[in-house]
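Contents: one structure, followed by commentary.
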Amino acid sequence: MKIKGLLVLLSALLVFFSWRSSTNAGTKNSGLGPLEIRPQFLVNQQFLAMSPGNTLTLKDGESKLSFSIEIANTFVNTQGPTEQITKKEVARGLTVADFLDKDGKTVTGFSLYLDAESKRKKFKYRYGISDSLELKLELPFLSLDGGFMDSSIESVHSMIGISNFKRGGAYRALSERNQYAYYVVQDGKFIFASTKQIYNVRGEPTMGLKWNFSEGGKVMPAATLKLSYKFANTDRSGEQQLIRSGGVDWGYYLILSKGFDNWIVYFGDGKTRIGQNRGFASSLSHRFMSLEYLIEEGESFVFQTVSQSSIFPKTEASSRSTNGENQEQRNSNLSVPTSVSAFGYKFTSGSLFWEAGFIQDYNNFGNETDFVLFWEMGVHW
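Start counting the sequence shown at 1; every next residue gets the next number (our numbering).
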């Protein structure tokens, strides 16, 4: 990662000068914060995924309780150009033979047919252990179904000149709208094959700690270390295998923020270690950058970009090539990092807070969600 060295340098400088910069207290280096949204790609749902966060922590004894929902539309058909998977094949039920290449040979690595909307509902509780240390507990519930966004997404594609019959439109026009299908094949064998919709199945809980070790100053940014831990639930019977890995995951994020009048810039770099990777990647790298504009006290707009390494293991193929025997799928390089942009609005009044927004992918390599809507509301005391 090109700017990782810069992050290390900034971190070292921040620690070295933290005591000196503390004399500049009063500079506003944090606001309402970035959008705390994790990746919503279907295969990622069973694993811990670090989300962006604010450098600011709750004060000693303060609490926050919130409920949020993230609705994501995912469509991936790695067999699109061969036309081996269309409405006809999905209607009769897909078999491993549908995932062979044009010559009828087994594809080395991963092949996908994902057509679903996921709804990730979360209850979150946060508590200020001290003025600079915050505890977070999170319990998710997941639903996977056919959804409602397909026609709207296809209409937007058509309006801006993207063909739903080609790769840029994810070959959506080859399939029925608002259906549910979850197929993942590795080396010619099914890992997941599900057409049964599931609703409000409890995922694995997570616990987190956030330590704001510097509030920064006029020159130096504020800095916070965020740690997360996902508990294991070994009950993966039936469709629960789609939302539980059954292993312990943990991760971290180093977050910096700096204020300039009404603008606040946030930057973060982190990693997730996956305990039971189930044949997928054993670790994930994360990076985000957010730009927050404070309209007034307690109200802001946030623009954000997030990049994450792929949940699919790297191959010997060129990072963005669509050719090569060692690539997981010739027409969809699934090991390319995912990249999404997000826009959100945050509002707080007294003890109540609320935020909402949307996320759109811009890599379009078949390893991320097409579109996400989200909102969160809660109370602070």
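Glycine included, C-beta positions come from ideal geometry on N, C-alpha and C.
Keep in mind that this is a model prediction, so the values were computed, not measured.
_Using the Cβ count rule (16 or more neighbours within 10 Å means buried), how would you classify residue 362?_
Burial state of residue 362 is exposed, judged by a 10 Å Cβ sphere holding fewer than 16 other Cβ atoms.
*Beta-carbon proximity check, residue 153 vs residue 343, cutoff 8 angstroms*: no
_For residue 60 and residue 365, the rounded distance between their alpha carbons_ = 44 angstroms
_Could you tell me which whole alpha helix (DSSP H) segments of length 4 or greater appear in the region 118-179?_
As far as the region 118-179 is concerned, its whole alpha helix (DSSP H) runs of at least 4 residues are 150-159.
*Kindly list the residues whose CB is nearer than 6 angstroms to the CB of residue 281, restricted to its own chain and excluding five residues on each side of it in sequence; keep chain order.*
311, 313
*asked:* Below 8 angstroms, how does it come out for the region 86-104 and the region 229-244: are there three or more Cβ pairs, yes or no?
replied: With the rule of 3 Cβ pairs closer than 8 angstroms, the region 86-104 does not count as touching the region 229-244.
*Three-state secondary structure (DSSP) at residue 101?*
If DSSP states are grouped into helix, strand and coil, residue 101 belongs with coil.
*Among 259, 103, 32, which one has its Cα closest to the Cα of residue 218?*
259
*Measure from the alpha carbon of residue 335 to the alpha carbon of each residue in 352, 356, 367, then state which is nearest.*
367
*According to DSSP, which residues form a beta bridge with residue 115?*
Under DSSP, residue 115 shares a beta bridge with 75, 181.
*Answer yes if the region 92-102 comes into contact with the region 117-126, meaning at least three C-beta pairs across the two stretches below 8 angstroms, and no otherwise.*
no
*Kindly indicate the opening and closing residues of the alpha helix (DSSP H) around residue 92.*
Counting along the chain, the alpha helix (DSSP H) containing residue 92 begins and ends at 87-92.
*Where does residue 200 fall in DSSP's three states?*
strand
*For residue 7, which residues of its own chain have a beta-carbon under 6 angstroms away from its beta-carbon, when the five flanking residues on both sides are left out?*
Below a pLDDT of 50, predicted positions are generally treated as unreliable, and residue 7, at 47, falls in that range; no measurement from the model is reported.
*Using 10 angstroms around the beta-carbon of residue 261, count the other beta-carbons present and answer buried if the total reaches 16, otherwise exposed.*
exposed
*Close Cβ partners of residue 379 (< 8 angstroms) along its chain, the five nearest in sequence each way excluded*: 64, 65, 66, 351, 352, 353
*On the DSSP bridge assignment, give the partners of residue 361 in chain order.*
340
*With DSSP run on the structure shown, which of helix, strand or coil describes residue 352?*
Strand at residue 352.
*Where does residue 212 fall in DSSP's three states?*
strand
_Anticipated Cβ contact below 8 angstroms, residue 31 with residue 255, distance rounded_ = Not confirmed; about 13 angstroms, so no contact.
*With DSSP as the reference, label residue 219 as helix, strand or coil.*
coil
*Contact between the region 134-142 and the region 155-164: three or more CB pairs below 8 angstroms?*
No, because fewer than three Cβ pairs between the region 134-142 and the region 155-164 fall closer than 8 angstroms, the two stretches do not touch.
*Examine the Cβ distances between the region 225-232 and the region 178-192 and report whether three or more of them are shorter than 8 angstroms.*
Contact fails: fewer than three Cβ-Cβ distances are below 8 angstroms.
*Leaving out the 5 sequence neighbours to the left and right, which residues in its chain are closer than 6 angstroms to residue 77 when beta-carbon positions are compared?*
85, 113, 171
*Do you know how far the Cα of residue 221 is from the Cα of residue 285?*
22 angstroms
*Straight-line gap, residue 36 to residue 206 (C-alpha atoms, nearest Å)*: A straight-line Cα-Cα distance of about 14 angstroms links residue 36 and residue 206.
*asked:* Residues in the same chain with beta-carbon distance under 6 angstroms from residue 177, minus the five sequence neighbours each way, listed in chain order, please.
replied: Excluding sequence neighbours, residue 177 sits near 150, 151.
*CA-CA distance, residue 369 and residue 338?*
9 angstroms
*What's the gap between the Cα of residue 375 and the Cα of residue 106?*
42 angstroms
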